[in-house]
Amino acid sequence: MVLVTQVNNVDWRVSAILATSSTAVVDAPVVSVRLDITRPEEAKPSPVVFEASKDKFDVLLSELKAARAMMGELEGE
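If you read the sequence shown in our numbering, its first letter stands for residue -3, the second for the next number, and so on.
Spelled out as C-alpha cells, the structure:
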C-alpha cells in the first residue's frame, strides 16, 4: 500500500506590491498560498504557506495541470 500526502484545503490571494522602501515603483503581483496537508505519518493537518511572483506561480500552475493530466491518463479518464 502506498501512502501519500493529502491536500485538505487551499486558500490563496493575489496582492499587488506598488512600492518598497528601496524602490519607488514595483507594481508586481504576488500570489500567497496556504495549503492544509495531512502527511501519512501525522493525524492532524498542517499548514504549508508560501508566496510566489506571478511568473513563478504561472510555472507552478502549469506543472500542476500537467501532473493532473498525467494522473488522469493513468486512471483512464
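For glycine and all other residues, C-beta sits at the position ideal for the given N, C-alpha and C. Bear in mind the structure is a predicted one, so any value in this text is a computation, not a measurement.
Can you list, in chain order, the residues of its chain whose CB lies under 7 Å from that of residue i, leaving out five sequence neighbours each side?
{"i": "Ile33", "result": "Thr1, Gln2, Val3, Asn4, Pro41, Ser42, Val44"}
{"i": "Trp8", "result": "Val27, Ser28, Val29"}
{"i": "Leu(-1)", "result": "Pro36"}
So for residue i, helix, strand or coil by DSSP?
{"i": "Leu31", "result": "strand"}
{"i": "Ser17", "result": "coil"}
{"i": "Asp7", "result": "strand"}
{"i": "Val55", "result": "helix"}
{"i": "Ala24", "result": "strand"}
{"i": "Glu47", "result": "strand"}
{"i": "Ala39", "result": "coil"}
Verify whether the separation of the beta carbon atoms of residue i and residue j is less than 8 Å.
{"i": "Ala15", "j": "Pro25", "result": "no"}
{"i": "Leu56", "j": "Ala62", "result": "no"}
Hey, residue i and residue j are a contact pair by Cβ (cut 8 Å); roughly how many whole angstroms apart?
{"i": "Leu31", "j": "Val6", "result": "6 Å"}
Which residues in the same chain have their Cβ closer than 6 Å to the Cβ of residue i, if we skip the five residues on either side of it in sequence?
{"i": "Phe53", "result": "Val27"}
{"i": "Lys50", "result": "Pro25"}
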